[in-house]
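S.K.: Numbering (my numbering), first residue to last: 6 to 371.
Using N, Cα and C, we set each Cβ at its ideal position, and we do this for glycine too.
First the structure, which I've put down as structure tokens, then a few questions once you've had a look.
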Ligand SMILES: Nc1ncnc2c1ncn2[C@@H]1O[C@H](COP(=O)(O)OP(=O)(O)OP(=O)(O)O)[C@@H](O)[C@H]1O
Ligand SMILES: [Mg+2]
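Written as structure tokens, this is what we have:
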């Protein structure tokens, strides 16, 4: 297995620059997820690692070796795509065997690798079936099997679960995490689904418009988003963002008047803002409680999910606000609600979307 370094990668298609100076150091055996909205360059970056696309500048180093000029087969990588592209007329066994037959591998070695992959992926009793006789999840496992038998240094996945229904995606998430543990392999996984990113990744790369917004562990991104973009991308339901104005700064924090009339002193670095500046206050739905003083919202829609009640409302000026409250919270649609907000749970973003550093940071659990 291997480390993977991307050094100052850029990519242009004609005049369109789609990747801007991307440098990442991925550790041996790490599971790294590239996440970001459609068109942000995730697949392009993965294809550059695979050698299916050439970078305009920069280098790709796998296991200490610069492979920028090497063709895909010589990079020690293996890629699994969204569409599993199995051969319908071949059995599961032959589909998995395909890349090894191309390599002209000996029969005994080949069979041993296929049996091991089938064992890991629980496909042992499916080896003689044709892809048409399998479920979507089983077909995707065959595609992963074809990848495993090649013993790659690095596994690359491009949205491998997006063709599956929600329940199966959940199961496959767990299976892929287990697979990562069993194989002890370096894996890079592309998705636009932040839940997949949060649940599977050792570290997440958040991409936006071809740039790395942040690279960190899931809980680092959750507690310490560096930008408004990362803050609103990570976490479900999304972080609330309330526009506000800086009233004044002092050494303990920044006094902010939020739209809707609520004022708070927030314990964030005050060195880069001054009175009158426009900011946004970020509050996660799960970081508020029903209280007697605080944010006043009027409740529009209540979703009782059992364990939690997702409460959608608006504050005075019409800004939307979502609160994730206990399942049996005493909340009614159409009624006003007061939510208490702990100042240390708030994030403050300046006019360009960068976070103001918090004075007391919550501890991060990995
Ligand atoms: N072969 C190509 N020629 C021209 N432009 C391309 C090509 N491939 C990708 N692009 C452009 O590069 C940008 C990034 O595309 P990419 O496929 O990497 O996005 P993505 O993050 O994988 O999106 P999605 O989540 O929709 O798969 C897009 O604007 C896309 O139109
Ligand atoms: Mg893509």
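Compute every distance between the C-beta of residue 48 and the non-hydrogen atoms of ligand 2, then say whether any falls below 7 Å.
M.R.: Under cutoff, so the answer is yes.
S.K.: Would you decide whether residue 18 is buried or exposed? Buried here means 16 or more other CB atoms lie within 10 Å of its CB.
M.R.: By the 10 Å Cβ count, residue 18 comes out exposed.
S.K.: Of all the options 352, 297, 302, 262, which has the alpha carbon lying nearest to the alpha carbon of residue 274?
M.R.: Checking every option, the nearest Cα to that of residue 274 belongs to 352.
S.K.: Take every Cβ of the stretch 319-330, pair it with every Cβ of the stretch 276-283, and state whether three or more of those distances are shorter than 8 Å.
M.R.: Not touching, per the Cβ criterion.
S.K.: Would the stretch 49-64 count as touching the stretch 73-83 if we require 3 or more Cβ pairs under 8 Å?
M.R.: With a cut-off of 8 Å, the stretch 73-83 and the stretch 49-64 count as touching, because enough Cβ pairs lie within range.
S.K.: Kindly indicate the opening and closing residues of the beta strand (DSSP E) around residue 287.
M.R.: Run containing residue 287: 283-288, per the beta strand (DSSP E) assignment.
S.K.: Please report the Cβ distance between residue 300 and residue 346, rounded to the nearest whole angstrom; I am assuming they are in contact, meaning their Cβ atoms lie under 8 Å.
M.R.: With a Cβ gap of about 6 Å, residue 300 and residue 346 count as contacting.
S.K.: Flag this pair as yes or no: are the beta carbons of residue 46 and residue 7 separated by less than 8 Å?
M.R.: Not in contact: residue 46 and residue 7 (Cβ atoms no closer than 8 Å).
S.K.: Please look up how many angstroms separate the CB atoms of residue 280 and residue 252, rounded, as I've assumed it's under 8 Å.
M.R.: Sure, about 6 Å apart at Cβ, within 8 Å.
S.K.: Determine the contact status of residue 132 and residue 98, defining contact as a CB-CB distance below 8 Å.
M.R.: Yes, the Cβ-Cβ distance between residue 132 and residue 98 is below 8 Å.
S.K.: Is it buried or exposed for residue 152, if we count other Cβ within 10 angstroms and need 16 for buried?
M.R.: Under this definition residue 152 is a buried residue.
S.K.: Quick check on the DSSP output: the beta strand (DSSP E) that includes residue 247 runs from which residue to which?
M.R.: Counting along the chain, the beta strand (DSSP E) containing residue 247 begins and ends at 245-255.
S.K.: Could you name the residues of the same chain whose beta carbon sits closer than 8 Å to that of residue 199, not counting the 5 residues immediately before and after it, in chain order?
M.R.: Once the five neighbours on either side are set aside, the close Cβ partners of residue 199 are 40, 238, 239, 240, 241.
S.K.: In the DSSP output, which residue or residues are listed as bridge partners for residue 352?
M.R.: Residue 352 is bridged to 287.
S.K.: For the stretch 172-186 against the stretch 111-121, are there 3 or more C-beta pairs whose distance is under 8 Å?
M.R.: In short, these stretches do not touch, since the Cβ pair count stays below three.
S.K.: Determine the DSSP secondary structure at residue 9, reduced to helix, strand or coil.
M.R.: Residue state, collapsed to three classes: strand.
S.K.: Between the beta-carbon of residue 31 and the beta-carbon of residue 191, is there less than 8 Å?
M.R.: Result yes, Cβ atoms of residue 31 and residue 191 sit closer than 8 Å.
S.K.: For the beta strand (DSSP E) containing residue 163, list its first residue and its last residue.
M.R.: Where residue 163 is concerned, the enclosing beta strand (DSSP E) stretches over 159-163.
S.K.: What are the start and end residues of the beta strand (DSSP E) that includes residue 263?
M.R.: Taken as a continuous stretch (DSSP letters only), the beta strand (DSSP E) holding residue 263 covers 258-263.
S.K.: Taking buried to mean at least 16 other C-beta atoms within 10 Å of its own C-beta, is residue 221 buried or exposed?
M.R.: So residue 221 ends up on the buried side.
S.K.: Just grab the DSSP bridge partners of residue 34 for me.
M.R.: Per DSSP, none; premise fails for residue 34.
S.K.: Going along the chain, which residues of its own chain have a beta-carbon closer than 7 Å to the beta-carbon of residue 365, five neighbours each way excluded?
M.R.: Answer for residue 365: 272, 349, listed in chain order.
S.K.: From the DSSP secondary-structure annotation, give me the bridge partner or partners of residue 42.
M.R.: Paired residue(s): none; residue 42 is not in a bridge.
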